[in-house]
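*Asks:*
There are 2 protein chains.
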Amino acid sequence: MEIMTQEQFAERQGRRQPSGGHQQLDEAVQAIIRQVQQDGDRALFDLTAQFDGVQLADLAVSRPEINAARENVTDAFMDALAEARDNITAFHEAQQEASWFLEQTNAKQLGQKVTPIEKVGLYIPGGTAAYPSTVLMNAIPARIAGVKQIIMTTPPGPDGRISDEVLAAADLAGVTAIYKLGGAQAIAALAYGTESIDRVSKITGPGNAYVARAKKWVYGDVAIDMIAGPSEICIVADDTAPPSFAAADLLSQAEHDTDAAAICITNSSSEAKAIQAEIEKQIDQLERKAIIDQAFDQHGAIVVVNRLDEAFDIVNDLAPEHLQLMLADAGAYVDRVQNAGAIFLGHYSPEPLGDYFAGPNHTLPTSGTAKFASPLGVYDFIKRTSIIEYSASALEQAADQIDRLARSEQLTAHANSVQIRKEANHAAKRSQS
Amino acid sequence: MEIMTQEQFAERQGRRQPSGGHQQLDEAVQAIIRQVQQDGDRALFDLTAQFDGVQLADLAVSRPEINAARENVTDAFMDALAEARDNITAFHEAQQEASWFLEQTNAKQLGQKVTPIEKVGLYIPGGTAAYPSTVLMNAIPARIAGVKQIIMTTPPGPDGRISDEVLAAADLAGVTAIYKLGGAQAIAALAYGTESIDRVSKITGPGNAYVARAKKWVYGDVAIDMIAGPSEICIVADDTAPPSFAAADLLSQAEHDTDAAAICITNSSSEAKAIQAEIEKQIDQLERKAIIDQAFDQHGAIVVVNRLDEAFDIVNDLAPEHLQLMLADAGAYVDRVQNAGAIFLGHYSPEPLGDYFAGPNHTLPTSGTAKFASPLGVYDFIKRTSIIEYSASALEQAADQIDRLARSEQLTAHANSVQIRKEANHAAKRSQS
Numbered sequence: 003m004e005i006m007t008q009e010q011f012a013e014r015q016g017r018r019q020p021s022g023g024h025q026q027l028d029e030a031v032q033a034i035i036r037q038v039q040q041d042g043d044r045a046l047f048d049l050t051a052q053f054d055g056v057q058l059a060d061l062a063v064s065r066p067e068i069n070a071a072r073e074n075v076t077d078a079f080m081d082a083l084a085e086a087r088d089n090i091t092a093f094h095e096a097q098q099e100a101s102w103f104l105e106q107t108n109a110k111q112l113g114q115k116v117t118p119i120e121k122v123g124l125y126i127p128g129g130t131a132a133y134p135s136t137v138l139m140n141a142i143p144a145r146i147a148g149v150k151q152i153i154m155t156t157p158p159g160p161d162g163r164i165s166d167e168v169l170a171a172a173d174l175a176g177v178t179a180i181y182k183l184g185g186a187q188a189i190a191a192l193a194y195g196t197e198s199i200d201r202v203s204k205i206t207g208p209g210n211a212y213v214a215r216a217k218k219w220v221y222g223d224v225a226i227d228m229i230a231g232p233s234e235i236c237i238v239a240d241d242t243a244p245p246s247f248a249a250a251d252l253l254s255q256a257e258h259d260t261d262a263a264a265i266c267i268t269n270s271s272s273e274a275k276a277i278q279a280e281i282e283k284q285i286d287q288l289e290r291k292a293i294i295d296q297a298f299d300q301h302g303a304i305v306v307v308n309r310l311d312e313a314f315d316i317v318n319d320l321a322p323e324h325l326q327l328m329l330a331d332a333g334a335y336v337d338r339v340q341n342a343g344a345i346f347l348g349h350y351s352p353e354p355l356g357d358y359f360a361g362p363n364h365t366l367p368t369s370g371t372a373k374f375a376s377p378l379g380v381y382d383f384i385k386r387t388s389i390i391e392y393s394a395s396a397l398e399q400a401a402d403q404i405d406r407l408a409r410s411e412q413l414t415a416h417a418n419s420v421q422i423r424k425e426a427n428h429a430a431k432r433s434q435s
Numbered sequence: 003m004e005i006m007t008q009e010q011f012a013e014r015q016g017r018r019q020p021s022g023g024h025q026q027l028d029e030a031v032q033a034i035i036r037q038v039q040q041d042g043d044r045a046l047f048d049l050t051a052q053f054d055g056v057q058l059a060d061l062a063v064s065r066p067e068i069n070a071a072r073e074n075v076t077d078a079f080m081d082a083l084a085e086a087r088d089n090i091t092a093f094h095e096a097q098q099e100a101s102w103f104l105e106q107t108n109a110k111q112l113g114q115k116v117t118p119i120e121k122v123g124l125y126i127p128g129g130t131a132a133y134p135s136t137v138l139m140n141a142i143p144a145r146i147a148g149v150k151q152i153i154m155t156t157p158p159g160p161d162g163r164i165s166d167e168v169l170a171a172a173d174l175a176g177v178t179a180i181y182k183l184g185g186a187q188a189i190a191a192l193a194y195g196t197e198s199i200d201r202v203s204k205i206t207g208p209g210n211a212y213v214a215r216a217k218k219w220v221y222g223d224v225a226i227d228m229i230a231g232p233s234e235i236c237i238v239a240d241d242t243a244p245p246s247f248a249a250a251d252l253l254s255q256a257e258h259d260t261d262a263a264a265i266c267i268t269n270s271s272s273e274a275k276a277i278q279a280e281i282e283k284q285i286d287q288l289e290r291k292a293i294i295d296q297a298f299d300q301h302g303a304i305v306v307v308n309r310l311d312e313a314f315d316i317v318n319d320l321a322p323e324h325l326q327l328m329l330a331d332a333g334a335y336v337d338r339v340q341n342a343g344a345i346f347l348g349h350y351s352p353e354p355l356g357d358y359f360a361g362p363n364h365t366l367p368t369s370g371t372a373k374f375a376s377p378l379g380v381y382d383f384i385k386r387t388s389i390i391e392y393s394a395s396a397l398e399q400a401a402d403q404i405d406r407l408a409r410s411e412q413l414t415a416h417a418n419s420v421q422i423r424k425e426a427n428h429a430a431k432r433s434q435s
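Chains as they are written, first to last, in the numbering used here: chain A, 3 to 435; chain B, 3 to 435.
In structure tokens form, the structure reads like this:
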């Protein structure tokens with residue numbers, strides 16, 4: 003991991019190319035989407051054979067398969083999962099929104115009605131890896147929002163099976179249907195429906211490049227949570243931060259993926275050196291060393307700044323997915339953070355605490371999108387409807403103002419819809435009673 | 003306007019083709035985006051000359067131009083605009099979200115911090131038409147959210163000018179910069195920045211097909227509000243609804259655009275005939291008769307159902323942008339509505355009341371997207387950041403559970419980041435103090 007100045011870091015960031023060059027991938031993804039739209043289930047079986055190497059007899063995971071999974075996992079794992087579920091539930095329940103009315107008089111009533119989305123699709127990556135935590139983080143907010151149908155798809159392994167841990171997590175979290183299906187074909191099936199898979203209104207969950215581009219393509223026809231990029235951590239550390247902790251956290255982020263970014267910013271050059279040395283020491287003991295080495299080379303940095311204030315300028319420009327403030331008085335700096343997915347305060351709040359356990363969602367905006375996006379939450383699974391009610395007299399009072407505004411936009415039928423009520427007020431009152 | 007049964011209506015809806023076939027448009031839009039990314043301001047001047055027929059000397063609207071606009075508009079118009087602004091402000095202030103903390107103890111702190119998006123772009127259609135109401139509906143929620151830079155673009159007329167009403171509305175609503183720029187080039191400039199236009203994090207506002215497709219293309223690099231389709235109204239009427247009112251409201255929706263949809267559902271066939279007759283009577287007096295005729299032919303219907311309950315099945319499947327409940331006891335049916343952008347209750351709450359004046363936003367989800375999307379609101383201009391803080395002892399208690407979950411996902415460096423703290427707890431406490 004290289005130590006550099008703020009200027010060197012800015013220079014390297016400036017060399018980065020904007021995203022793009024998805025043309026070949028997009029053509030493949032669009033062809034898959036069209037195939038699913040045209041051929042339905044048959045396309046899903048064919049594409050699963052092609053991409054996952056398995057000829058399935060049935061896309062749906064059966065109740066006996068789920069029961070078997072729950073028996074196959076250890077009690078200790080189920081305990082950990084249940085405690086995580088409780089924490090995630092407690093945090094997300096605080097995100098619930100109620101319908102409200104601003105004015106409620108005989109003359110006027112204005113309000114906002116909150117309704118859950120009826121059907122959502124959760125995409126959970128699979129194949130060789132298994133992410134039960136991702137199941138909890140997607141399904142629990144949907145369930146709290148009141149979503150009736152929570153449909154999960156995840157690619158099967160070459161043996162046609164789904165990981166026991168993922169199935170157990172889905173069952174624990176209240177998923178209502180599970181399909182063995184991955185890639186762009188899963189996104190297309192959820193967006194447009196097939197004989198066996200219901201069309202949903204929103205799709206959430208992470209995935210590979212095919213999944214991410216398919217989500218971009220179906221966006222508009224359905225809602226999506228976000229187009230997730232590689233994972234990132236940014237640590238702001240002063241000389242009170244134990245270097246071994248900071249090093250372990252940078253390493254944990256980088257093991258995800260060679261594109262993952264791990265950046266540490268410190269106002270102490272001795273701290274920088276100590277963290278660098280700790281990384282060298284710890285990396286050799288890790289199973290994913292090769293991935294980490296490559297991620298650090300491409301996207302890792304320890305940036306030394308003169309003052310902590312400068313660190314927060316970098317942070318707000320990066321808008322990191324995960325931000326750890328390993329500072330003596332971390333809480334005092336929260337207000338300096340304009341853009342971040344999640345902030346972890348102090349020396350004992352490492353990112354994996356948030357990934358698995360504390361309760362806030364681990365689906366966070368990546369690649370600088372924390373400038374405009376939020377963690378996945380209950381708010382992603384509801385929608386709002388405005389409610390407007392005026393009495394005859396309240397409308398009459400407003401009629402001339404509405405008329406003026408409508409005419410300024412040359413929308414005379416709009417003006418007429420109000421004027422006809424004003425003029426016919428008495429007659430209308432008779433026909434209303 | 004044709005009267006039909008529920009079955010006939012369902013059959014016609016079923017014949018509708020899903021959206022698609024944007025290929026030529028997309029190629030043009032992508033070429034414009036690339037041109038703006040490569041050539042910056044120069045591309046903007048060239049494209050404005052090409053599409054708007056005017057060679058501008060300056061993209062920015064100057065303070066003297068804004069002052070002149072405020073003097074050119076009538077006092078009556080400014081009064082109406084100010085009253086609308088006050089109503090819109092009052093409603094949207096009720097949407098404000100505060101940061102919160104779920105637990106705040108020495109051991110644990112979990113919370114959600116709400117931060118405004120720093121820079122947003124508002125696209126306002128222009129050219130031959132002027133939409134001051136759209137300026138208010140986009141700028142006011144942004145200002146209430148706390149957005150610092152509210153950058154508006156709107157295409158100039160062939161004389162290089164922007165409508166006085168639009169400039170006056172922008173000034174009244176707190177827009178911080180205005181540019182004479184329309185089409186896909188405006189979306190590209192807001193998304194990627196040029197020499198004179200700051201890159202923003204989110205773009206909102208309606209536009210023509212170029213604008214809508216450009217928003218889809220830049221989505222992901224920036225946030226957008228929605229991809230707006232043609233406007234829609236659905237009226238559910240019983241025999242207490244004055245037919246002249248219902249007719250006027252259907253006509254007002256259809257004047258927007260030949261693609262606009264105006265649908266009335268009633269449980270009374272005599273009401274259906276009376277509304278049909280009223281439409282014939284009123285339509286000849288309207289300036290936009292030709293547009294309305296075409297919209298009604300393609301997308302209009304008066305649907306007669308046996309029971310009101312069936313009307314709400316149609317409503318929830320349509321998920322209309324605007325829903326008017328012209329029923330004797332309209333309020334009793336609000337709970338039957340699962341999917342709608344805005345609900346207008348009773349005989350004296352016509353859609354133009356919401357378009358211009360009552361306070362709720364007139365930017366509403368179209369084309370069935372009310373199944374998953376909300377009206378534009380203050381929530382569109384903020385984002386949330388999770389906050390997680392555990393003490394050393396709280397983390398130690400959680401460590402083994404986190405370890406189990408991380409190992410189930412084969413992320414051993416994640417497990418290590420927690421274990422290293424558990425093991426080094428005492429040493430760490432010393433270095434922390």
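Quick reminder that beta carbons are idealized off the backbone N, C-alpha and C, glycines included.
Please report how far the alpha carbon of B/ALA190 lies from the alpha carbon of B/GLN37, in whole angstroms.
*Replies:* On the second sequence, residue 190 of chain B is found 188 positions in, with the first residue counted as 1. On the second sequence, residue 37 of chain B is found 35 positions in, with the first residue counted as 1. Using only the alpha carbons, I get a separation of about 9 Å.
*Asks:* Residue range of the beta strand (DSSP E) that A/ARG14 falls in?
*Replies:* For the purposes of this step, residue 14 of chain A is identified with residue 12 of the first sequence, where counting begins at 1. Run containing A/ARG14: none in the beta strand (DSSP E); it sits in the alpha helix (DSSP H), 8 to 17.
*Asks:* Using the DSSP secondary-structure output, state which residues sit across from A/VAL116 in a beta bridge.
*Replies:* Here residue 116 of chain A refers to the residue found at position 114 when the first sequence is read from its first residue. According to DSSP, A/VAL116 bridges with A/ARG386.
*Asks:* What residue from B/GLN287, B/SER351 and B/VAL305 has the CA that sits closest to A/ALA415's CA?
*Replies:* Translated into positions along the first sequence, residue 415 of chain A becomes position 413. Comparing alpha-carbon positions, the option among B/GLN287, B/SER351 and B/VAL305 lying closest to A/ALA415 turns out to be B/GLN287.
*Asks:* With three or more beta-carbon pairs closer than 8 Å as the criterion, would you say the stretch 209 to 227 of chain B touches the stretch 100 to 117 of chain B?
*Replies:* no
*Asks:* Would you check if there are 3 or more beta carbon pairs closer than 8 Å linking the stretch 318 to 337 of chain B to the stretch 357 to 369 of chain A?
*Replies:* no
*Asks:* Have a look at B/GLU4 and B/HIS258 and give me their C-alpha separation to the nearest angstrom.
*Replies:* One-based indexing of the second sequence puts residue 4 of chain B at position 2. One-based indexing of the second sequence puts residue 258 of chain B at position 256. Roughly 19 Å between the two C-alpha positions.
*Asks:* Where A/ALA100 and A/ILE384 are concerned, what is the direct C-alpha to C-alpha distance, given to the nearest angstrom?
*Replies:* On the first sequence, position 98 is the one that residue 100 of chain A refers to. On the first sequence, position 382 is the one that residue 384 of chain A refers to. Their backbone Cα atoms lie some 10 Å apart in a straight line.
*Asks:* State the start and end residues of the unbroken beta strand (DSSP E) segment that holds A/THR155.
*Replies:* Translated into the one-based positions of the first sequence, residue 155 of chain A becomes position 153. That run of the beta strand (DSSP E) goes 151 to 156.
*Asks:* So for B/GLU4, helix, strand or coil by DSSP?
*Replies:* For the purposes of this step, residue 4 of chain B is identified with residue 2 of the second sequence, where counting begins at 1. Coil.
*Asks:* If you follow the beta strand (DSSP E) that B/THR268 is part of, which residue opens it and which one closes it?
*Replies:* The residue labelled residue 268 of chain B in the question sits at position 266 within the second sequence. From DSSP, the beta strand (DSSP E) with B/THR268 extends over 263 to 268.
*Asks:* I need the straight-line Cα distance from B/ALA131 to A/ARG386, nearest angstrom please.
*Replies:* Against the second sequence, residue 131 of chain B aligns to sequence position 129. Against the first sequence, residue 386 of chain A aligns to sequence position 384. C-alpha separation (whole angstroms): 30 Å.
*Asks:* Assign B/GLN340 to one of two classes, buried (16 or more other C-beta atoms within 10 Å of its C-beta) or exposed (fewer than that).
*Replies:* Numbered from 1 along the second sequence, position 338 holds the residue referred to as residue 340 of chain B. Under this definition B/GLN340 is a buried residue.
*Asks:* Is there a C-beta anywhere in chain B that falls below 8 Å from the one on A/ARG357?
*Replies:* Locating residue 357 of chain A in the first sequence gives position 355, counting from the first residue. Here residue 357 of chain A is Asp; the residue named in the question, Arg, does not match the sequence. Chain B, which has a Cβ nearer than 8 Å to the Cβ of A/ASP357, makes this yes.
*Asks:* Relative to the C-alpha of A/GLY348, which candidate in A/GLY231, A/ASP240 and A/ILE205 has its C-alpha closest?
*Replies:* For the purposes of this step, residue 348 of chain A is taken as the residue at position 346 of the first sequence. Distance from the Cα of A/GLY348 is smallest, within the candidate group A/GLY231, A/ASP240 and A/ILE205, for A/ASP240.
*Asks:* Closer than 8 Å by beta-carbon distance: list the chain C residues that pair up with B/ASN363, in chain order.
*Replies:* Among the chains of the structure shown, chain C does not appear; the protein chains present are A and B.
*Asks:* When you compare only the Cα positions, how much space is there between B/SER436 and A/LEU413?
*Replies:* Outside the displayed range of chain B (3 to 435) lies residue 436 of chain B, so it cannot be described from this structure.
*Asks:* Could you work out which residues of chain A lie near B/PRO160, taking near to mean beta carbons separated by less than 8 Å?
*Replies:* Within the second sequence, residue 160 of chain B is the residue found at index 158, counting from 1. Simply none; closest approach about 18 Å.
*Asks:* Output the boundary residues of the beta strand (DSSP E) element that contains A/TYR358.
*Replies:* Within the first sequence, numbered from 1, the residue matching residue 358 of chain A stands at position 356. Looking at the DSSP string, A/TYR358 is not in any beta strand (DSSP E); the run it does join, the alpha helix (DSSP H), is 353 to 358.
*Asks:* Give a yes or no on whether 8 Å exceeds the smallest Cβ distance from B/VAL420 to chain A.
*Replies:* The residue given as residue 420 of chain B occupies position 418 in the second sequence. Taking Cβ atoms only, chain A reaches closer than 8 Å to B/VAL420, which makes this a yes.
*Asks:* What are the residues that DSSP puts in a beta bridge with A/ASP110?
*Replies:* For the purposes of this step, residue 110 of chain A is taken as the residue at position 108 of the first sequence. According to the sequence as given, residue 110 of chain A is Lys; it is not Asp. DSSP output for A/LYS110 lists A/TYR392 as bridge partner(s).
*Asks:* At what residue ranges does the stretch 27 to 93 of chain B contain a whole run of the alpha helix (DSSP H), taking only runs of 4 or more?
*Replies:* Fully enclosed alpha helix (DSSP H) runs of 4 or longer: 43 to 54 and 65 to 74.
*Asks:* What whole-angstrom Cβ distance do A/GLY42 and A/THR196 have, given they're in contact under 8 Å?
*Replies:* As a working note, residue 42 of chain A is residue 40 in the first sequence. As a working note, residue 196 of chain A is residue 194 in the first sequence. A/GLY42 to A/THR196, Cβ: 4 Å. Contact.
*Asks:* Are the C-beta of B/ILE404 and some C-beta of chain A separated by less than 8 Å?
*Replies:* Taking the second sequence and counting its residues from 1, the one referred to as residue 404 of chain B is at position 402. At least one chain A Cβ lies under 8 Å of B/ILE404.
*Asks:* Tell me which residue opens and which closes the beta strand (DSSP E) that A/GLN326 is part of.
*Replies:* Locating residue 326 of chain A in the first sequence gives position 324, counting from the first residue. Its beta strand (DSSP E) spans residues 324 to 328.
*Asks:* Cβ of A/ALA170 within 8 Å of Cβ of A/PRO134?
*Replies:* Here residue 170 of chain A is taken as the residue at index 168 of the first sequence, counted from 1. Here residue 134 of chain A is taken as the residue at index 132 of the first sequence, counted from 1. Contact flag set, yes.
*Asks:* Check each residue of the stretch 66 to 81 of chain B: if its Cβ is closer than 7 Å to any Cβ of chain A, include it; give the result in chain order.
*Replies:* ALA78 and PHE79
*Asks:* Residues of chain A with CB under 9 Å from B/LEU288, in chain order?
*Replies:* If you number the second sequence from 1, residue 288 of chain B lands on position 286. Chain A residues near B/LEU288: THR414, ALA415 and ASN418.
*Asks:* Around the C-beta of B/ALA84, are 16 or more other C-beta atoms found within 10 angstroms, so that it is buried, or is it exposed?
*Replies:* Counted from its first residue, the second sequence places residue 84 of chain B at position 82. Exposed: under 16 other Cβ atoms inside 10 Å.
*Asks:* Okay, do the stretch 398 to 410 of chain B and the stretch 351 to 358 of chain A touch, 3+ Cβ pairs below 8 Å being the bar?
*Replies:* Yes, since at least three Cβ pairs between the stretch 398 to 410 of chain B and the stretch 351 to 358 of chain A fall closer than 8 Å, the two stretches touch.
*Asks:* How many angstroms separate the CA atom of A/GLY176 from the CA atom of B/GLU391?
*Replies:* Within the first sequence, residue 176 of chain A is the residue found at index 174, counting from 1. Within the second sequence, residue 391 of chain B is the residue found at index 389, counting from 1. Those two C-alpha atoms are separated by around 28 Å.
*Asks:* Taking three-plus beta-carbon pairs below 8 Å as touching, is the stretch 306 to 314 of chain B in contact with the stretch 248 to 256 of chain B?
*Replies:* no
*Asks:* Below 8 Å CB to CB, which residues in the same chain sit around A/ALA86 once its five sequence neighbours on both sides are set aside?
*Replies:* Here residue 86 of chain A corresponds to residue number 84 of the first sequence, with the count starting at 1. Cβ-Cβ distances below 8 Å link A/ALA86 to SER135, LEU138, TYR358 and PHE359 in the same chain, with the five nearest sequence neighbours on each side left out; the list follows chain order.
*Asks:* Strictly by DSSP, which residues pair up with B/ALA179?
*Replies:* Here residue 179 of chain B refers to the residue found at position 177 when the second sequence is read from its first residue. According to DSSP, B/ALA179 bridges with B/ILE153.
*Asks:* In this structure, does DSSP put A/ILE277 in helix, strand or coil?
*Replies:* Residue 277 of chain A sits at position 275 when you count from the first residue of the first sequence. Helix.
*Asks:* For B/HIS94, count neighbouring Cβ atoms within 10 angstroms of its own Cβ and tell me buried if that reaches 16, exposed if not.
*Replies:* The residue given as residue 94 of chain B occupies position 92 in the second sequence. Burial call: buried.
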